[in-house]
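Top line first, the protein sequences correspond to chains A and B.
According to numbering that gives the first Met the number 0, the first sequence is numbered sequentially starting from 0.
According to numbering that gives the first Met the number 0, the second sequence is numbered sequentially starting from 0.
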Amino acid sequence: MNKLSLLLALAIFGGVSANAADAARRQVYKLAPAAVKANAAKVAKDLQKVAPEWKKAPALYYTVDAMSDIKRVPDLYPEDGKLAAPVEIIGAKGEIEPGSFLIYPQKNVDKFELKVSDLKGKGGTIPASAVDLKLVKIWYQCGSGWFGFMNDPLQKTLTPELLVNDENLIWVDTEGIQNYARYNNADGSTHYEWISADFQVSNYRFSNLVRIAMLKDADTLQPVVLNKGEFKQFMATVRIPKDAKDGIYEGSIDMIADGKKIGTIPVQVGVLPFELPMARTNYNIEKPFMLSFYGTGGAQHYPSILKNLVDHNALHIQGFPDVNPANEAKFAAEVKLAKEMGVATRPLFSGPGVGRAFYGTMGPKEKAELAEIQARLNAAAAMCKKYLGHSDFYSYGADEGGPWTIRAERPTWRAAHAAGSKVRVSTHDHKRLLYALDYMVLPRMPSEERSGYVKKFHEAHPDGMVGWYADPHSGPENPDYFRRIHGLMAYKADYDVASNYTWYRNDWNDFAIAYEPNYRGIIIVYAVSDRILDTLAWEGIREGIDDVRYASKLRLLAAEAEKSGDADTILLGKRALGYVAYWDVRGNPDTFRMECINYIMQLINALKKEQK
Amino acid sequence: MKYSIAYSIAVAAAVVMAAPCVNAQAKKPAAVQQQKFMDSKIYNEKMNAINRDFGKKPAEACAELLKFGTEKNLSEQQKNQIISRYAYYAVRANTKELIADTIKRVDALNNYAAKVQLAMDLLRIRNTPYKAEADKFIADTVAGYEKDPQKELGTLVSLINGLASLRDTHATACSIYDQFAGQLPENNKINLLPHIAGKALSEVGDAKLADKYGDVLIAITLARKNAAAAEEAKDKKNMQIIRAYGEANRRLLQLLEGYLSMSTELGQSFFAKAKAALTDHQNTVFELGSVVAKEAKKGNMAPYQAIKAKVLAMPYNGTRDQIINILSRSLPTGEGNILLESQLKDPSLDGKGRFNRLNALRGRCGNVNRFQRGFNNPTAYPKWRAFTDQMLSAFESNDVNFYTKNADTAYNYGDFAFAEQQVAKALSINPARCVDTAVMIYLHKKDTKKVSEIIAAEIKDKEAVKTRHWRMVDYFNKGGKCKGFDKAFAADKLTSPEKLNGLRNVSEIMFRATRFDVCQEIYDYIQKEMFISLASPEHTATFVKDAPKTADGFARTKMYNEWDKMATQFRPYGDNPAISANTDAKRFLKDADHPKCDPAWKTGIRVLYDVQGVHIFVRCNDPAIMEVVEGKRTGGSLECTFRPNPDAPYNMWFFSRLPSNYDGVDLDFASPSPRYKLTKDNFLTDAALTGEGIVAHTYIPWFAFYNDLPTGDKVWYLGLQRYCKGGMQTISGQVHELARMLKIRFNFTPELEKEIKLSLCRTAFNKFKNNGTISTWANDDVLGDPEFYKQELKPVIDELNEAGKLLDDPKADVDMLFREYAPRWAEFNYTIDAKRKDYLKRSFFLKK
């Protein structure tokens with residue numbers, strides 16, 4: 000045990016006061032000596048290509064792809080990185096787009112700060128407040144971390160995941176190979192608790208699970224420590240104002256070490272001359288392609304969480320607004336809130352449950368119950384029409400019901416149709432048995448091979464929808480992977496909804512999952528006392544839906560081009576459609592995005608010319 | 000496995016079934032009979048453990064139950080419970096063999112209660128084929144009652160109750176009731192009537208029948224009400240008469256609530272008849288509370304709005320209290336709070352009343368549990384604390400639970416001083432009722448002396464077995480270590496599972512007390528000293544110059560029968576680490592009876608390799624392979640995972656329906672990139688039937704993992720689970736558990752390594768040369784981009800072509816080519832993608 004760990008161990012275990020524990024703590028990762036040496040040699044080689052003043056700087060930086068599949072651990076040299084290059088971000092008006100860079104310290108720094116400037120261009124200013132800086136916190140996840148969702152508790156692997164403002168919210172002990180979280184006590188003190196203990200430690204009770212009420216992140220990025228040779232990743236996410244003028248905006252991020260400016264990271268933001276439309280399906284440009292996670296229940300109580308969902312293109316929130324006729328006032332208030340926050344109100348994935356399966360012959364009790372269900376659905380439909388002008392809400396059936404459950408649900412599903420509403424449920428592809436189902440949530444990755452099931456369902460249900468969940472459940476942290484499977488992969492396989500399980504529940508301890516200990520944490524975001532923490536995977540999903548929005552924009556323009564009457568414009572549209580249609584999911588989605596932008600710009604210019 | 004179950008059923012059966020007989024014959028004097036029966040805690044723990052197993056392995060749980068039934072120190076009641084539970088399991092498992100066995104056993108018993116239970120269980124099976132057997136038990140029970148009505152009265156009542164609950168047997172229940180109604184004591188009647196009447200309506204839909212029995216209940220209740228009223232008027236009251244009304248009234252109310260739960264209309268119509276037999280208070284509560292709440296739950300708020308003002312204007316009394324309690328549970332939170340807060344304005348409210356009403360409001364201020372699965376409500380604890388402070392000022396409760404729960408909640412929120420204050424109060428009231436919380440708080444404070452004092456008081460004058468946990472906690476509290484644990488607790492004669500459970504219970508409270516050092520020590524000790532090794536098994540691959548390329552090819556070699564050269568360390572699936580205490584005790588403790596796979600369904604893995612790649616053969620023996628050949632069933636499935644190093648993404652593939660190689664799962668756990676190749680793009684599979692079973696084959700070309708060759712000490716990793724009629728087997732723990740994958744060692748000679756690398760360089764170069772997009776980029780100015788080609792691709796292509804010439808040079812440095820060029824040739828598609836992205840980005844910023 001090194002001196003630092005000893006100090007910490009003393010602080011945590013030895014009765015030193017909580018404040019002393021804070022003072023003693025410094026986030027240090029154990030690095031592989033061979034990697035450190037090799038990295039130093041590579042960095043030295045890179046330094047030959049940049050301005051000489053960087054050589055003696057206490058810290059350097061590399062820009063990297065924000066959504067890469069590379070698991071950036073502290074001793075991994077960024078083969079894809081560019082030393083001292085500008086952070087370049089291109090986005091549409093109103094889009095949220097990430098950039099990223101790694102800091103490489105050439106010596107230890109106790110207090111390292113980043114300060115972002117306003118971004119200025121011919122079109123005006125994008126304020127510094129539109130750039131959100133976050134540290135990518137690396138912590139231990141179980142052995143299948145970054146890749147899988149099944150529990151693998153015998154090994155722990157360092158995994159970049161959390162986007163935090165306060166580095167010290169989580170302390171990772173790389174000597175003891177454990178995670179600790181800082182708890183903010185009601186009496187004003189703080190202390191650290193062990194948050195990676197598996198269920199054996201608590202004898203299978205829930206005592207070892209994280210108390211989210213005790214966790215607090217800062218509102219803005221706090222100073223971090225830098226340790227020589229230890230790479231540290233930051234995200235710089237720009238929220239491009241809807242009213243920004245198109246063009247290039249330039250600014251910078253100052254690197255400040257122990258109070259002294261040691262370098263500047265140039266930032267270039269290219270604003271495109273259009274806003275992105277809502278995502279549309281691949282098979283029908285008129286139909287929406289939606290992101291609607293399980294596990295968003297309760298989000299409606301926290302405007303900041305609703306906003307976070309909307310910012311990540313998750314506009315169809317399950318259970319919100321709550322189509323519960325027993326509480327019309329609540330529904331009215333939630334519809335109002337949804338509209339204010341930009342949450343979609345059609346269709347609604349909410350409504351009185353239709354999972355009641357009536358096995359065998361229905362007796363008077365069952366008939367009375369069915370009548371009540373019908374009355375509830377009728378009232379829900381009336382309420383929905385009253386406030387929204389439609390009854391396009393989807394009630395949920397019996398989760399993952401087998402064939403006999405589905406048969407036994409027929410009266411209930413009929414009741415939904417009789418009320419003018421619809422039915423959704425997660426189910427295997429039970430073919431004709433699902434005739435009364437309007438929205439099938441099909442398990443497993445939306446691969447090209449699985450698109451056959453999707454096509455058949457659409458054939459049998461011309462107005463029906465297909466979503467996917469599970470295999471993988473949430474859990475893998477790799478943003479590139481989640482970007483593809485929730486975005487372009489689902490889109491190209493003709494799904495209507497990416498509906499994975501689950502967005503949030505308290506799965507903070509990856510080694511001990513309440514009620515489902517065979518899984519690791521199958522969540523996308525982490526809740527603290529008053530908000531949620533974003534993750535790489537969540538940013539990846541937002542980008543995945545944005546990829547679909549770009550493809551949708553391209554296809555809408557191609558449709559316009561088709562009507563233009565000009566042969567060159569028509570053919571340009573066809574070329575663009577061909578690019579999207581034949582793009583192979585093995586390709587790089589960043590390249591796909593840039594090609595789409597390229598085609599969109601060409602189409603806009605061609606159509607403008609036509610109009611003139 | 001089957002053998003052992005059958006054996007234990009047979010052995011256990013004889014003993015359990017013999018037990019009642021032996022006891023019946025034993026007529027020793029009471030003093031001599033004083034037998035020490037099994038402690039109920041130990042009995043319950045065992046029954047619970049069996050119950051947990053039942054969900055996964057019904058047959059084994061039944062066998063275990065019967066084996067448990069042979070324990071000598073079971074009481075008669077416990078033995079009967081075991082038989083009943085066995086019958087229940089048999090029916091739930093719905094296995095013909097088990098049901099037949101249980102029918103035989105119960106039939107042989109002179110125990111009508113067991114017969115009633117089994118009859119009902121059998122009747123509850125959908126489309127039951129056991130109606131005749133059930134009818135026999137029913138007839139036996141009725142006959143048994145007729146023979147000895149006094150003794151079997153309770154059994155008859157449960158029989159009628161049970162039969163009334165099922166639609167198909169409701170009529171039988173009515174007929175038995177009618178037959179014996181004249182003999183049944185009135186108290187039994189009032190137990191049965193609401194049930195028969197309620198089910199007549201809910202199950203049979205016969206309102207007339209419901210009325211028949213409901214009216215009898217109303218009549219009895221009304222008569223009792225009048226009798227009680229007369230009694231109330233007397234100076235010297237017969238409390239039995241008053242209590243008798245209370246009992247009938249409770250049952251009538253129960254029936255009324257049942258009607259209301261079906262529909263408001265039914266509830267109201269029955270109420271019209273029953274109200275005379277109820278009290279004024281109950282009538283008001285029903286009309287203003289229950290009915291309105293029922294409507295509010297349905298979304299009809301009109302009745303509530305109509306009575307809200309009336310309720311708020313009611314005098315402060317028990318009726319108002321109860322109405323508000325009922326309504327507040329069904330109304331939206333805001334409305335409920337308005338009602339509850341109105342209760343605080345009662346001018347006559349004393350401290351205790353105020354305390355209780357604040358408590359109702361405190362319960363609605365949000366989740367303050369230690370574990371919250373959903374989002375946190377940041378205002379919950381501050382509100383909870385404010386209400387608690389008000390409650391403490393309002394009234395000095397002597398309820399130890401109140402203070403203990405306060406202490407727990409405050410402690411969980413880091414409100415340490417308040418937690419200690421509350422636990423001190425709890426200790427002063429009743430130390431025995433707050434030990435766990437008190438010990439946790441003082442362990443957190445590291446107040447060793449105080450912890451020891453609390454524990455000493457708790458264990459004083461108690462049996463050793465009941466003080467074990469607290470003695471263990473105190474042992475670690477005083478600095479005891481795992482190393483000395485056995486010596487310190489030698490007198491307890493702990494079994495391994497008891498020791499495991501004991502140590503972990505200590506760990507649990509230590510965790511809550513944030514004494515993580517103790518937890519870690521216990522954890523390490525258990526893993527190192529008490530558990531078997533969970534290290535990955537290993538297998539050495541064999542180089543075969545011209546390895547068989549198919550499953551059938553392998554099956555025709557002598558290697559097919561070389562079990563000693565295969566990895567065969569398969570075990571029954573289910574040894575997941577950190578998943579349950581039961582699994583830990585049964586699968587990981589060194590001295591546990593570790594389950595083994597049925598040898599008839601033996602599985603072996605043999606890995607061969609040649610210059611082109613790796614062949615994984617899985618031999619799956621199947622003792623009834625003709626069933627597969629003739630299509631009665633499939634040969635089961637294989638779930639396979641692979642990764643070339645401990646940090647790499649893993650590939651996964653299935654043989655979903657052996658002997659087909661169909662993969663019905665089709666999953667990848669990483670995105671395609673230079674760091675991961677899709678399984679379907681590289682892995683080839685096939686399978687073949689043999690005389691002994693099935694062979695499955697997977698071919699992985701070296702090229703798929705050219706950048707992760709198993710040279711030197713490096714190993715590759717394979718995970719495999721087999722699911723078949725012979726059970727579920729695993730060689731690598733839980734599915735997708737990467738830590739315990741089978742390690743595959745390769746022993747490359749330098750010559751072979753060079754040969755493989757050279758072959759890989761050629762493959763990579765050919766892949767580069769066959770890239771179909773280059774000419775489009777270079778020559779098609781519409782779909783390609785000649786300028787991009789010229790600037791970005793051509794220099795790289797020229798360099799790679801130049802290097803490719805070296806492949807024909809026998810003196811070329813193969814290691815250099817493999818290291819420097821193979822990746823660039825192999826991943827040229829990704830190079831184009833990356834360069835194109837950067838080019839377009841740069842063009843965008845330059846254009847502007």
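Using N, Cα and C, we set each Cβ at its ideal position, and we do this for glycine too.
Along the stretch 188 to 205 of chain A, going in chain order, the ones with a CB nearer than 8 Å to a CB of chain B are Ser188, His190, Glu192, Trp193, Ala196, Asp197, Phe198, Gln199, Val200, Ser201, Asn202, Tyr203, Arg204 and Phe205. Per DSSP, serine 758 (chain B) is one residue of the alpha helix (DSSP H) stretching across 749 to 768.
Here DSSP, grouped into helix, strand and coil, assigns glutamate 542 (chain A) to helix. By DSSP's assignment, methionine 439 (chain A) forms a beta bridge with A:Val424 and A:Val465.
Annotated as distal: tyrosine 42 (chain B) and glutamine 76 (chain B), with beta-carbon spacing of 8 Å or more.
By DSSP's assignment, lysine 742 (chain B) forms a beta bridge with B:Glu537 and B:Tyr716.
Collapsing the DSSP output to three states places proline 97 (chain A) in a strand. Contact residues of the stretch 399 to 421 of chain B toward chain A are Ala409, Asn411, Tyr412, Gly413, Asp414, Phe415, Ala416 and Phe417 (C-beta to C-beta distance below 9 Å). Counting other Cβ atoms within 10 Å of its Cβ, tyrosine 358 (chain A) stays below 16 and is therefore classed as exposed. Listed along chain B are Arg835 and Leu839, each with a C-beta nearer than 8 Å to that of glutamate 594 (chain A). Between the alpha carbons of aspartate 242 (chain A) and proline 276 (chain A) lies a distance of about 15 Å. Against chain B, the CB of asparagine 597 (chain A) has a partner CB under 8 Å away; the residue lies at that interface.
Proximity of the stretch 501 to 512 of chain A to the stretch 369 to 387 of chain B meets the contact definition, three or more beta-carbon pairs being nearer than 8 Å. Look at cysteine 760 (chain B): its C-beta is not under 8 Å from any C-beta on chain A. Neighbours of tyrosine 301 (chain A) in chain B, taken as residues at a C-beta separation under 7 Å, are given in chain order as Phe374. Per DSSP, isoleucine 730 (chain B) lies in no beta strand (DSSP E) and is assigned neither H nor E. Runs of the beta strand (DSSP E) spanning 3 or more residues and lying entirely within the stretch 115 to 146 of chain A occur at 118 to 120, 123 to 125 and 130 to 141, in chain order. For glutamate 736 (chain B), the residues of chain A that pass the 8 Å Cβ criterion are Gly142, Ser143, Met149, Asn150, Asp151 and Leu153, in the order they occur in the chain.
Aspartate 832 (chain B) has a beta carbon lying within less than 8 Å of a beta carbon in chain A. Annotation for aspartate 414 (chain B): no beta strand (DSSP E) segment contains it, and DSSP assigns it neither H nor E. The stretch 529 to 583 of chain B contains, as complete beta strand (DSSP E) runs of 3+ residues, the segments 537 to 539 (chain order). According to the DSSP assignment, valine 617 (chain B) belongs to the beta strand (DSSP E) that extends over 612 to 620.
The closest CA to that of asparagine 620 (chain B), considering only B:Ile604, B:Asp523 and B:Asp609, is found on B:Ile604.
According to DSSP, histidine 696 (chain B) shares a beta bridge with B:Phe616 and B:Asp685.
Exclusion of the five residues before and after methionine 444 (chain A) leaves Trp467, Asp470, Pro471, Ile484 and Met488 as the residues of its chain whose Cβ lies within less than 8 Å of its Cβ. Within the same chain, Gly572, Leu602 and Leu606 come within 8 Å of glutamate 559 (chain A) by CB-CB distance, once the 5 residues on both sides are set aside. Of all residues in the stretch 206 to 234 of chain A, only Ser206, Asn207, Leu208, Arg210, Ile211, Ala212 and Met213 come within less than 7 Å of chain B when Cβ atoms are compared, listed by chain position.
A distance below 8 Å between beta-carbons, with the five flanking residues on each side excluded, links aspartate 320 (chain B) to the following residues of its chain, in chain order: Gln342. Around the beta carbon of lysine 840 (chain B), 16 or more other beta carbons sit within 10 angstroms, so the residue counts as buried.
Residue state for glutamine 526 (chain B) is assigned as helix, using DSSP reduced to three classes. Classified as buried, alanine 209 (chain B) has 16 or more neighbouring CB atoms from the shown chains inside 10 Å of its CB. Residue B:Ser39 holds the alpha-carbon nearest to the alpha-carbon of glutamine 80 (chain B) among B:Ser39, B:Asn299 and B:Leu277.
Residues of the stretch 352 to 385 of chain A whose Cβ lies closer than 9 Å to any Cβ of chain B, in chain order: Tyr358, Gly359, Thr360, Gly362, Pro363, Lys364, Glu365, Lys366, Ala367, Glu368, Ala370, Glu371, Ala374, Arg375, Ala378, Ala379 and Met382. The alpha carbon of glutamate 256 (chain B) has as its nearest neighbour, out of B:Gly612, B:Asn405 and B:Ser201, the alpha carbon of B:Ser201. Contact annotation: aspartate 493 (chain A) and threonine 280 (chain A) have beta-carbon atoms nearer than 8 Å. Cysteine 639 (chain B) has B:Trp652 and B:Leu719 as its beta-bridge partners, per DSSP.
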